[in-house]
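In what follows, a single structure is set out as structure tokens and then discussed.
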Amino acid sequence: MLPAGESVFLRHEPCPACRERGLDLDGDNLARYSDGHGYCHACGHYEKTEGGEAHASPSRARRMSAKPFTPLETSIKALKVRGLTAETCAHFGYGIGNHRGKPCHVAPLYDKEGRLCAQHLRLEGKDFKWLGDTEAVGLFGWNVWRNSGRRVVVTEGEIDCMSVSQLQGNKWPVVSLPNGAQSAVKFIRRALEWLEGFDEVVLAFDMDEPGQAAARECALLFSPGKCKIARLPDKDANACLLAGKGKELLDSLWGAVPYRPDGIRSGADLWDDLLKPPQPGYDIPYPGLNAKLRGLRLRELYLFTAGSGIGKSTLVNEIAYHLKMVHHLPLGVMALEESPARNARRYLGIHLNKPLHLPEAHAAVPEADLKSAFEAVMGKDWWIYDHFGSSDIDTLLAKIRYMAVGLGCKVLVLDHISIVVSGLDESAGESERKVIDKLMTKLRQLVEETNVMLLAVVHLKRPDKGKSYNEGRQVSLTDMRGSGGLEQMSDAVISLERDQQGDDPNAALVRVLKNRPIGDCGEAGYVRYVPETGRLLAGDGGEYGFGKERPEKEKTEGQREDF
């Protein structure tokens, strides 16, 4: 202790230097004296009297604490309550001492040069205190073993360390963290060079969540394949010793496998997966598009885009209906631009080959036929999200996840992505681009996690110049409204191109803009809207081809320009 002159001790206070390092939890390491100066007996932090220089900086405190300290005297005894023999305690220098009139366990801590630099005191009631230079301490017990070898076990505390060592006859390297799981990464990093000298490192931390979380975090510090995490048969190593589970504990240490973070697999483990053929696609009722995509697959995200009123929603509904009725895939619909009843009429109209959105067509269908179609299409495995307009992203994703996981939907329709973000308050720092990036990333994750197929509609930006998309303008990936996330996170992007004012306004060209699974992009045939049935069917673009001039005498009346 530094000289205090004629001053006398007044009280204990928190030590700021110890608190910076997460120590002095009881707030009594610093001794305050009558002349105003203070001294920490744990780390050596010194504060001058009022009127002198400013308090010692942390660097000065570290220099002071690096000086030799006066360790507590200890005696070696068996710790019967812990099941530890005197021989084991002597092996590690773990003794019994007295701190301020209170008996305590004393664990010696050494620096990398092998010098005693601190003592870790364990008092009654799991009250821990430090003496000496805590900035220099290494792992408990590392001074006992040589600097390399086949294997070293690291536990969370000194008692656990000695428990494992005793079960191994005190012959094989075992060390422990000096301050528990909360500072595990700090001390493992400090001792990393020493630990890397062993062929393998086994982390035998406590089995509670803090212990296992610390083990996973520490394992990432090591060279690949070196670190293993043991699954102990009880809450910690000492509990195993006391419960007579010594053999099971040693088996768990020897049976530990190299730690591999979630999501990383060895190539050698993939053979069984590679024996399985690639997932076949579900065919769709458009031969040209079906040939390009080789059908549609689960765990894939498909975007459909076109100008306003060109027919992208109609195309998606036709495909979704086919997947449900022909392939029997449960369907979940999020039609954010129309009511559930209006959307339901779309699907019933496809089933009945009737444009049920028109009042006269709806009135012409007998109720019995309508009821039969309703039961066939919506009586089972058809769900819809009852919401109109923009939606909070997290709320929408929760609904989608519930449809996939809770209701078992395998095909999901999101119509459309653009309206999801239309109600954003950009003054709150949420730009459309950022929100669409976030939405697409989370949709991509959800599709993978839940093994579903997502058919999503997205709008186009207005072209700067030239003809509009309603005049048959060719669509490219960069025309999609929002962000690059639309292109990057999707598996395939399909566009429709149609001239609403042309000679064949009911014919549209299908184009594949992106095709990650297959790679085949380009024109994918034609579709034709049939006003009499309200259906969008596969077609060849007409006798004269899409966009070609048709003789005046063959033009017909009543062609629908918006489907």
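The opening position of the sequence shown corresponds to residue 7 in this note's numbering, with each subsequent residue numbered one higher.
Ideal Cβ placement from N, Cα and C applies to all residues, glycine included.
Shown here for D387: same chain residues with a beta carbon closer than 6 Å to its own, the five before and five after excluded, namely P336 in chain order. The secondary-structure analysis by DSSP pairs I390 across a beta bridge with V339. Between K241 and D214, the CB-CB gap stays under 8 Å. Between V481 and T311 the beta-carbon gap is near 6 Å, inside 8 Å, which marks them as a contact. In the DSSP assignment, P264 is bridged to K234. Counting along the chain, F310 sits inside the beta strand (DSSP E) bounded by residues E306 to T311. If you look at N296, you'll find it in the alpha helix (DSSP H) that goes P293 to L299. With a cutoff of 8 Å on beta-carbon distance, P114 and Q125 are scored as near each other. Closest by C-alpha distance to A404, out of V453, A379 and V383, is V453. Residue state for E206 is assigned as strand, using DSSP reduced to three classes. Around the beta carbon of P361, 16 or more other beta carbons lie within 10 angstroms, which makes this residue buried. Close CB contacts of D34 within its chain, under the 8 Å cut and outside five residues either way in sequence, are with H18, E19 and P20 (chain order). Shown here, N244 sits in a helix according to DSSP, grouped into three states. Between the stretch 153-164 and the stretch 134-141 there are fewer than three C-beta pairs closer than 8 Å, too few to call the two in contact. When DSSP states are grouped into helix, strand and coil, R271 belongs to the coil group. When DSSP assignments are scanned along the stretch 86-166, the uninterrupted stretches of alpha helix (DSSP H) that are 4 or more residues long and fall wholly within it turn out to be 92-98.
Taken through DSSP and simplified to helix, strand or coil, K520 comes out as strand. I500: member of the beta strand (DSSP E) spanning A498 to E503, first to last residue. Judged by DSSP in its simplified three-state form, S345 adopts coil rather than helix or strand.
Within the same chain, Cβ atoms closer than 6 Å to the Cβ of S169 are found at A243, N244 and L247, the five residues on either side in sequence being excluded. At the C-beta level, A326 and V419 come within 8 Å of one another.
Taking each of L295, K416, N176 and F98 in turn and checking the Cα distance to G525, the smallest one comes out for L295. Bounds of the alpha helix (DSSP H) holding R222 are E215 to A225. Residue environment for S258: buried (at least 16 other C-beta atoms within 10 angstroms of its C-beta). The residue from L413, P179 and F228 with its alpha-carbon nearest to that of F146 is P179. For K416, the CB contacts under 7 Å within the same chain, skipping 5 residues up- and downstream, are L304, L335, P336, V458 and M459 in chain order.
Looking at the DSSP output, C46 shares a beta bridge with L36.
Across the structure, K118 and L198 are spaced so that their CA atoms are roughly 11 Å apart. As computed with DSSP, M384 is found in no beta bridge at all.
In this structure, T80 keeps its C-beta atom at 8 Å or more from the C-beta atom of S171. Counting every other CB atom within 10 Å of its CB across the protein chains shown gives R541 a total of 16 or more, marking it as buried. DSSP links D421 through a beta bridge to A341 and V463.
Annotated three-state conformation of A410 is helix, per DSSP. DSSP places H18 within a strand segment (E or B) once states are collapsed to three.
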